[in-house]
Amino acid sequence: DAGITQSPRHKVTETGTPVTLRCHQTENHRYMYWYRQDPGHGLRLIHYSYGVKDTDKGEVSDGYSVSRSKTEDFLLTLESATSSQTSVYFCAISFTGGYEQFFGPGTRLTVL
Amino acid sequence: GESVGLHLPTLSVQEGDNSIINCAYSNSASDYFIWYKQESGKGPQFIIDIRSNMDKRQGQRVTVLLNKTVKHLSLQIAATQPGDSAVYFCAENTMEAAGNKLTFGGGTRVLVKP
Chain A
1 DAGITQSPRH KVTETGTPVT LRCHQTENHR YMYWYRQDPG HGLRLIHYSY
51 GVKDTDKGEV SDGYSVSRSK TEDFLLTLES ATSSQTSVYF CAISFTGGYE
101 QFFGPGTRLT VL
Chain B
113 GESVGLHLPT LSVQEGDNSI INCAYSNSAS DYFIWYKQES GKGPQFIIDI
163 RSNMDKRQGQ RVTVLLNKTV KHLSLQIAAT QPGDSAVYFC AENTMEAAGN
213 KLTFGGGTRV LVKP
C-alpha cells in the first residue's frame, strides 16, 4: 500500500461523539486525500491537502474537518459523528497531485 | 482490510476468457479517464489511464477503449485469471482551479470462475 497506514482500522462509536482518523505516509508525497466509500457511490472526496497546513474541501465535506501539521500525517475529524457517516474511509497520496493516487488500506467506521 | 459493499453490478467470467467492463461518464471536459482495481480488503490500485484525445490504449493484458460520442469507457481484460477477481472503478479527471479532481463511478465486481 505504498507506505500508507491508516489508524484505527476499525472503529465503532456512538452518535454525537468526536472521532479522529489518522493517515500516515512514509513516501514524502505532497498531496493527501480523504475519501469515503459507500455502496453504489464509488469513492467520494471529503477533503484534500496540497501541502502542510494547506487543505481544501471535496464534494462531501460537510461534517468533516482535516488538519495537516506535517507532511506525513493527515487527520480527518468528525466533530460530532452521525449515523450517515458510517462508511469505509480511505486515505490516498499523490506525488504530483494528478490522477494516479495510492490508497491506504481503509478504516471501517460504524456510528451507532 | 476494507472493501466496498455488496450492491454492485457483477460480471462472472470463466478463467481464461476475456472480460469487458463498461462505464458511462458524464463530464465532456474530463481530460483523462482512469481505471482502478480494488481487491477484497484493500484500497483501490491504479491500472491504466487514457487521455481524452485517444480512443484506445493497451497495457499488459488490459485495453481501455474510449468513445467520446456516447461518453462510454470500457476496460478489456485478456485471458482473465483468478487474481483479476476484484471490483473495478472507472474515474474521470478534470482540471480545476485547485488542481486535478477525480470523480469515481460506482464500480463493477468481477468474479472469475475456475
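Line by line, the protein sequences are chains A and B.
Going letter by letter, the first sequence gives residues 1 to 112 in this note's numbering.
Going letter by letter, the second sequence gives residues 113 to 226 in this note's numbering.
All C-beta atoms in this analysis are idealised placements derived from N, C-alpha and C, irrespective of residue type, glycine included.
Rounded to whole angstroms, what's the CA-CA distance from residue i to residue j? Just pull it up for me.
i, j, result
"ALA30 of chain A", "ARG68 of chain A", "According to the sequence displayed, residue 30 of chain A carries Arg and not Ala. Approximately 11 Å, taken between the alpha carbons."
"LEU21 of chain A", "THR215 of chain B", "23 Å"
"GLY51 of chain A", "MET207 of chain B", "18 Å"
"GLY171 of chain B", "ALA81 of chain A", "43 Å"
"GLU72 of chain A", "SER49 of chain A", "11 Å"
"GLY3 of chain A", "HIS10 of chain A", "19 Å"
"VAL174 of chain B", "ILE159 of chain B", "9 Å"
Name the chain A residues whose beta carbon is nearer than 7 Å to that of residue i?
i, result
"ILE146 of chain B", "TYR99"
With 8 Å as the threshold, decide whether the Cβ of residue i is near any Cβ in chain A.
i, result
"ASN165 of chain B", "no"
"GLY195 of chain B", "no"
"ASN205 of chain B", "yes"
"ASP129 of chain B", "no"
"PRO226 of chain B", "no"
Taking 7 Å as the cut-off, is the C-beta of residue i nearer than that to any heavy atom in the ligand ADP?
i, result
"ILE46 of chain A", "By its list of ligands, the structure shown contains no ligand whatsoever, and the ligand ADP lies outside what it can speak to."
Counting only beta-carbon atoms, is residue i nearer than 8 Å to chain B?
i, result
"HIS47 of chain A", "no"
"HIS24 of chain A", "no"
"LEU76 of chain A", "no"
"PHE95 of chain A", "no"
"GLY3 of chain A", "no"
Measuring alpha carbon to alpha carbon, tell me which residue in the options is nearest residue i.
i, options, result
"LEU178 of chain B", "B:SER142, B:THR192 and B:SER152", "B:SER142"
"PHE95 of chain A", "A:VAL88, A:PHE103 and A:TYR89", "A:PHE103"
"TYR271 of chain B", "B:ALA209, B:VAL199 and B:LYS183", "For chain B, the structure presents residues 113 to 226; residue 271 of chain B sits outside this window and is missing."
"MET166 of chain B", "B:GLY218, B:PHE158 and B:PHE145", "B:PHE145"
Taking Cβ-Cβ distances shorter than 7 Å, what residues in chain B pair up with residue i?
i, result
"HIS41 of chain A", "GLY218"
Closer than 9 Å by beta-carbon distance: list the chain A residues that pair up with residue i, in chain order.
i, result
"LEU187 of chain B", "Here the premise fails: no neighbours, minimum Cβ distance about 15 Å."
What does residue i pair with, by DSSP beta-bridge criteria?
i, result
"THR99 of chain B", "An answer regarding residue 99 of chain B cannot be provided, because it is not within the stretch 113 to 226 covered by chain B."
"PHE201 of chain B", "B:TYR148"
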